[in-house]
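Quick note on the working numbering: the sequence shown kicks off at 62 and runs consecutively.
Think of the CB as a built atom: it goes at the ideal place given N, C-alpha and C, for glycine as much as any other residue.
Each remark here refers to the structure printed beneath this line.
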Amino acid sequence: MGQFDDVYTSWQSDPQAFWARAAEDVVWTKRWDTVLDDSNPPFYRWFVGGTTNTCYNAVDRHVDEGRGSQPAIIYDSPVTNTVETITYAQLKERTAAFAGALAGLGVRYGDRVILYMPMIPEAVVAMLACSRIGAIHSVVFGGFASKELATRIDDAKPKVIVAASCGLEGQRVVHYKPLLDRAIELAEHKPNACIIKQRPQEEATLVMGRDWLWEDAVAQAEPAKCVPVKAEDPVYILYTSGTTGKPKGVVRATGGHLVTLKWSMPNIYGMDTGDVYWAASDVGWVVGHSYIVYAPLFHGCTTILYEGKPIGTPDAGAFWRVIEQHKVKAMFTAPTALRAIKKEDPQGKLLEKYDLSHYRAQFLAGERCDPDTLKWAEDHLKVPVIDNWWQTETGSPIASNCLGIELLPFKPGSPTRAVPGYEVHALSPEGEEMPPGEIGSLAIKLPMAPAALPTLWNNDDRFIESYMAEFPGYYQTGDAGIVDADGYLHVMSRTDDIINVAGHRLSTGGMEEVLASHQDVAECAVIGVADEVKGQVPLGFLVLKDGVNRPHEEIVKEVVAMVRDRIGPVAAFKQATVVLRLPKTRSGKILRATMQKIADGESFATPATIDDPAILEEIATSLQTIGYARKG
């Protein structure tokens, strides 16, 4: 067996001993009594009896160990033309001061604080400050609609809300404060206070008696020390969309979060203390929590906080400029970002301007990476391009090629194998193991890695109903895919993206893989639309690369032939339409379910996470030209 097999087997044979060894890299104020309490499944508790502090492990320990002068954060904001370096010593000072401000406004151990912030250093400081005093933060993506923010206020019941006056989306100023004021007006729960960071691009109007300026709140406070926190107590709540319309508050336990994320940096991402790491995401998403803020700082790396886009700030070479300028060793982004870059710069000409000789790996996650985008990145970056598969609920990768252990052979379209902490099975609707290579519901044998959610905030029943009820003893991921004969995972689509064509269960992801391989296609999506004869038939959406001037009918005819050739007539793939862009969430996920409702003429609610609602009108118009969306 190879090195990866040895490590995985050591976890599988004795998970408690494996994670106890990993926990030795964490600074504990009190060592745990029990590695795993599994007396009440599926409610697993890790490192019971132990106490630690997230902020101490992310910041103070590095100062105490003599690395206070090392950069902790490099804030790079092309939208404000700002680059700022913050050392670990400076980060400790800022975090202690803001933690004191929160404490001065009555925030205590276990209280909740909602953060409604753009990608500025104060967002990271506020997250760490909450964990410093044992408060539980809940970051809501800056610019979220007032109604959605109000539902989170009512669920988390924050004592304080921390916000900025505005965010910047390219050239557009997003006015946060009116959205926040309206959300508080709509919410039944009212915070005791709000702390507002005024940005020069827009000065917000403060509400007398409730709102504090960031600087004023800090000026009247005493710096706060780190508070010992129970390992099983939450460090944060992060809301993910729920099918009922009420968001699900994913809870992250302090001890398991620390241990798993600290372990992941050297083992999965191949990072050493002092290396520069960049997750091109947002602190409002789980990637931002885990790999902009916590994991890099736990491991003593320098993390990039980037306020900009992959294109347009100023061009499709923005990522490569950041990697060269700050000597980034590895970077993590969503495949949709690479597809946007590939669409604008298909030949990779802008890459030639930058020296990336120090760059070691490109990581991808957030959605399935099609093989064509993977190959484009490999050809132009000339480093391993490593696809991750994970979820808000797990907090760190379920499957990945592990750069720090052993790089296994790559299979395009696969995030490789499950990492230690996860045993993944493809199950039939009856819960039976599917044969290798056959599609099923991907489910994870319990217990999962210590960072995985122990429950939902104040909702144990929904935790069981959403994740544990379908396959007892397993966590139901909601993703469909296969486990092949080599143990590699192939995540094809969400289980609700499996379409039933005349009794055949087919993955839209498999069809998208074919469409994406067409030389003129930059991005694509496939949905299942209602059909009187077959039940459902697939319908494709194509976004073309810049500069493609061929007739759209020719391209559609070619992709239809490609699907017929590679998947077969059983797919019944006969129709596609060219669109200018696809509707997506702010994190880059394509809104296939909403597109399907438009095509079928059903009523739908505009998703709260959508990047630009106007795209839905464009999609409806395109569908009407080919005979769909007739009722809508």
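Assuming residue 347 contacts residue 354 under a Cβ cut-off of 8 Å, what Cβ separation, rounded to an integer in Å, is found between them? In this structure residue 347 does not touch residue 354 by the C-beta definition: roughly 11 Å separates them, more than the 8 Å allowed.
Opposing strand residues paired with residue 597 [DSSP bridges]: For residue 597, which the question treats as bridged, DSSP gives the partners 591.
Let me check understanding here. Comparing Cα to Cα, which of 136, 153, 143, 139 lies closest to residue 115? Nearest C-alpha to residue 115: 153.
Run the CB neighbour count on residue 305, radius 10 Å, all protein chains shown included, and call it buried at 16 or more, exposed below. Model confidence at residue 305 stands at a pLDDT of 47, short of 50, so the residue's coordinates are unreliable; what they give is reported in the following sentence. The residue is exposed, with fewer than 16 neighbouring Cβ atoms inside 10 Å.
Roughly how far, in whole angstroms, is the beta-carbon of residue 660 from the beta-carbon of residue 600, given that I think they are within contact range, below 8 Å? Distance from residue 660 to residue 600 at the Cβ level is roughly 6 Å; contact confirmed, criterion being Cβ atoms closer than 8 Å.
Rounded C-alpha distance that separates residue 274 from residue 553: Roughly 47 Å between the two C-alpha positions.
What residue range does the alpha helix (DSSP H) around residue 230 cover? It is not in any alpha helix (DSSP H) - residue 230 instead sits in the beta strand (DSSP E) that spans 227-230.
What is the DSSP secondary structure of residue 465, reduced to helix, strand or coil? Coil at residue 465, not helix or strand.
Helix, strand or coil at residue 487 according to DSSP, with G and I counted as helix: Residue 487 carries a strand assignment under DSSP once its states are collapsed to helix, strand and coil.
So what's residue 84 in DSSP terms, helix, strand or just coil? If DSSP states are grouped into helix, strand and coil, residue 84 belongs with the helices.
Host alpha helix (DSSP H) of residue 69 (start-end): Element bounds for residue 69: 64-74.
I think residue 507 touches residue 139, with their Cβ atoms under 8 Å apart; what is that distance to the nearest whole Å? So it is not a contact: roughly 44 Å between Cβ atoms.
By how many angstroms is the C-alpha of residue 578 removed from the C-alpha of residue 187? When rounded, the distance between both Cα atoms is 43 Å.
According to the neighbour-count rule (16 or more other Cβ atoms, all chains shown, within 10 Å of its Cβ), is residue 644 buried or exposed? With 16 or more neighbouring CB atoms inside 10 Å of its own CB, residue 644 falls in the buried class.
Assess, as a yes-or-no matter, whether the stretch 420-436 is touched by the stretch 382-400 under the definition of 3 or more beta carbon pairs within less than 8 Å. The stretch 382-400 is in contact with the stretch 420-436.
Using DSSP with H/G/I as helix, E/B as strand and the rest coil, what is residue 305? Summary for residue 305: the model assigns pLDDT 47, below 50, so the residue's position carries little reliability; its value from the coordinates is reported in the next sentence. Coil.
Roughly how many angstroms lie between the CA atoms of residue 549 and residue 469, to the nearest whole one? One C-alpha to the other measures close to 10 Å.
In terms of alpha-carbon separation, which member of 204, 164, 438 lies closest to residue 284? For residue 284, the nearest C-alpha among the options comes from 164.
Among 597, 608, 585, 109, which has the Cα closest to the Cα of residue 680? Ranked by how close their Cα comes to the Cα of residue 680, the residues 597, 608, 585, 109 have 585 in first place.
Give the C-beta separation of residue 356 and residue 107 to the nearest angstrom, bearing in mind that I take them to be a contact with Cβ-Cβ under 8 Å. Not confirmed; about 17 Å, so no contact.
Cα-Cα separation, residue 341 to residue 297: Approximately 21 Å between the Cα atoms of the pair.
Meets three-Cβ-pair contact criterion under 8 Å: the stretch 512-528 and the stretch 486-496: Flag = no, the stretch 512-528 and the stretch 486-496 do not touch.
For the 8 Å Cβ check, are there 3 or more pairs between the stretch 128-137 and the stretch 357-373? Taking a cut-off of 8 Å on C-beta distances, the stretch 128-137 touches the stretch 357-373, as three or more cross pairs fall below it.
Grab me the residues of residue 258's own chain with a C-beta within less than 6 Å of its C-beta, minus the 5 sequence neighbours each way, in chain order. Excluding residues within five positions, the ones whose Cβ falls inside 6 Å are 183, 225, 275.
Where residue 634 and residue 209 are concerned, what is the direct C-alpha to C-alpha distance, given to the nearest angstrom? So the alpha carbons of these two residues sit roughly 37 Å apart.
In chain order, what residues of the same chain have a beta carbon less than 6 Å from the beta carbon of residue 162, not counting five sequence neighbours either side? Excluding residues within five positions, the ones whose Cβ falls inside 6 Å are 278, 279, 282.
Between which two residues does the alpha helix (DSSP H) containing residue 615 stretch? Residues 613-627.
What's the call for residue 170, buried or exposed, on a 16-neighbour Cβ count within 10 Å? Exposed, because fewer than 16 other Cβ atoms sit within 10 Å of the Cβ of residue 170.
At what residue ranges does the stretch 225-312 contain a whole run of the alpha helix (DSSP H), taking only runs of 4 or more? Listed in chain order, the complete alpha helix (DSSP H) runs (minimum 4 residues) inside the stretch 225-312 are 237-247, 275-280.
Three-state secondary structure assigned by DSSP to residue 340: Residue state, collapsed to three classes: strand.
Distance CB(residue 620)-CB(residue 605) smaller than 8 Å: In this structure, residue 605 does not lie closer than 8 Å to residue 620 by Cβ.
Helix, strand or coil: how does DSSP classify residue 447 here? If DSSP states are grouped into helix, strand and coil, residue 447 belongs with the strands.
Quick one: what's residue 585 bridged to in DSSP? In the DSSP assignment, the residues bridged to residue 585 are 603.
State buried or exposed for residue 156, treating a residue as buried only when at least 16 other CB atoms are found within 10 Å of its CB. So residue 156 counts as buried.
At the level of alpha carbons, what is the spacing between residue 86 and residue 320? If you draw a straight line from the Cα of residue 86 to the Cα of residue 320, it comes to about 8 Å.
Can you tell me whether residue 131 is helix, strand or coil according to DSSP? If DSSP states are grouped into helix, strand and coil, residue 131 belongs with coil.
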